[in-house]
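Below you'll find the structure, written out as structure tokens, and then a few comments.
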Amino acid sequence: MKYTLFFLLLFICISCSKELDFENQSFEKTTSVDCTEKCPNIKIDIPVAENAATVSDSINNTVFKTVKSIVDFGDKPNESKNYEELAQSFIQNYEKIKRDFPRDHFGWEAKIEGEVKYRSENILSITINHYTFTGGAHGYAGLRSLIFDPKTGKKITNEKLFKNWNLFKALAETRFREKYKIPRDQSINSTGMFFENDVFQVAQNIFFTNEGIILHYNPYEIAAYVDGSRELLIKYEEANDYLITK
Numbered sequence: 017m018k019y020t021l022f023f024l025l026l027f028i029c030i031s032c033s034k035e036l037d038f039e040n041q042s043f044e045k046t047t048s049v050d051c052t053e054k055c056p057n058i059k060i061d062i063p064v065a066e067n068a069a070t071v072s073d074s075i076n077n078t079v080f081k082t083v084k085s086i087v088d089f090g091d092k093p094n095e096s097k098n099y100e101e102l103a104q105s106f107i108q109n110y111e112k113i114k115r116d117f118p119r120d121h122f123g124w125e126a127k128i129e130g131e132v133k134y135r136s137e138n139i140l141s142i143t144i145n146h147y148t149f150t151g152g153a154h155g156y157a158g159l160r161s162l163i164f165d166p167k168t169g170k171k172i173t174n175e176k177l178f179k180n181w182n183l184f185k186a187l188a189e190t191r192f193r194e195k196y197k198i199p200r201d202q203s204i205n206s207t208g209m210f211f212e213n214d215v216f217q218v219a220q221n222i223f224f225t226n227e228g229i230i231l232h233y234n235p236y237e238i239a240a241y242v243d244g245s246r247e248l249l250i251k252y253e254e255a256n257d258y259l260i261t262k
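When the sequence shown is numbered by the numbering used here, its final residue is 262 and no position is left out of the sequence of numbers.
Below, the structure written as structure tokens:
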């Protein structure tokens, strides 16, 4: 009995000590309803955390919820519990609309690609590149950033990345104005930007790279769709004074 307990505890310790790792998994669904070519489909290729059980679960849950928020177009809350169900629900929503409006011609598409873009002892950065089209003049493409503490698997909010959020925001606005040629003595929207209430805001999506941190504004966030996305790179030589860790 003592030996059995010993080996059981040893096995648990070894399992818990396994290094966090990722494996990309792919999911794809296509409709066959009234369709012969370029049929509405969804493709999801996403990194799935493995080994470190509690940490992996936390990361995987957050990534899944983010992907679900991107592709969920149903009238009711999406009850999907995994990517297979999520892909199926996307196609089912399309097929329902097609049955309700059989004479309308439209196609749906969703493409989600996730990648571990940056990894250090204190930061794990996952990028989700997504494109969706559910009718209308054009689809929507964007990037999402998810930043985790690799030791706990908990998501790190943007504010928690910096020693002083307001000081970093002031730096970011200065560099943003320089890059996009917005005079310091004029409002942030004076050259055509769409910042809410005419007040500069740090991008919701912050990406860690080998060069520095990137503030990424998706289409529609601060400019017209035709203007595309906006990005600002702040190199580590300058960003280090503001970052808590990297």
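C-beta atoms are modelled at their ideal positions from N, C-alpha and C, and glycine is treated no differently.
Bridge partners for residue i per DSSP, in chain order?
i    : result
A157 : Y147
Y233 : R246
G228 : K251
E39  : V64
K59  : E44, K127
S141 : Y134, I163
Using only alpha-carbon positions, find the residue among the options that is nearest to residue i.
i    : options                : result
S105 : L259, A186, N57, Y233  : N57
I107 : E237, A126, K97, K92   : A126
G123 : I238, A153, Q217       : A153
K59  : H146, I75, E254        : H146
A221 : G158, K34, A65         : Note on residue identity: the sequence assigns Asn, not Ala, to residue 221. Comparing Cα-Cα distances from N221 to each of G158, K34, A65, the minimum goes to G158.
A103 : K45, T52, S141         : K45
T78  : P118, T47, D165        : D165
N67  : L36, T52, K97, V83     : L36
K92  : Y241, N138, K84        : K84
P235 : F211, E39, K133, S203  : F211
F224 : N98, L259, S72         : L259
G244 : A69, R200, M209        : M209
G169 : A188, A239, N182, I139 : I139
E100 : L162, E237, Q41        : Q41
K179 : D257, S203, A239       : D257
A65  : N182, F192, K195, K167 : K167
D120 : S136, G151, E137, R200 : G151
E237 : E253, F80, Q217        : Q217
K171 : V71, R200, V242, C51   : V71
I128 : S136, W181, P118, I86  : I86
Could you give the residue range of the beta strand (DSSP E) that holds residue i?
i    : result
T168 : No beta strand (DSSP E) holds T168; DSSP gives it neither H nor E.
Y134 : 125-135
N221 : 221-224
Using a Cβ-Cβ cut-off of 7 Å (strictly less than) and excluding sequence neighbours within five positions of residue i, which residues of its own chain qualify?
i    : result
V49  : E111, K114
L249 : E227, G228, I230
K54  : G123
F43  : I60, Y99, E100, A103
R193 : R200
Can you list, in chain order, the residues of its chain with a C-beta nearer than 6 Å to that of residue i? Leave out the 5 residues immediately preceding and following it.
i    : result
F149 : E125, G155
E247 : I230, H232
S96  : L102, S105
L187 : none
N174 : I222
P63  : F38, N40, G130, V132
S141 : K133, Y134, I163, F224
Y270 : Since the displayed the chain opens at 17 and closes at 262, residue 270 lies outside it and no answer follows.
In the structure shown, what three-state DSSP assignment does residue i receive?
i    : result
T46  : strand
V64  : strand
K251 : strand
D116 : helix
Y99  : helix
F106 : helix
L26  : Confidence is the limiting factor: at L26 the pLDDT is only 45, short of 50, which leaves the residue's position unreliable and the question unanswerable from this model.
N94  : coil
E212 : helix
L177 : helix
Could you pull the start and end residues of the alpha helix (DSSP H) that residue i belongs to?
i    : result
N182 : 181-195
N77  : 69-87
Closer than 8 Å by C-beta to residue i: which residues in its own chain qualify, once you throw out the five before and the five after it? Chain order, please.
i    : result
V215 : I204
K197 : T207
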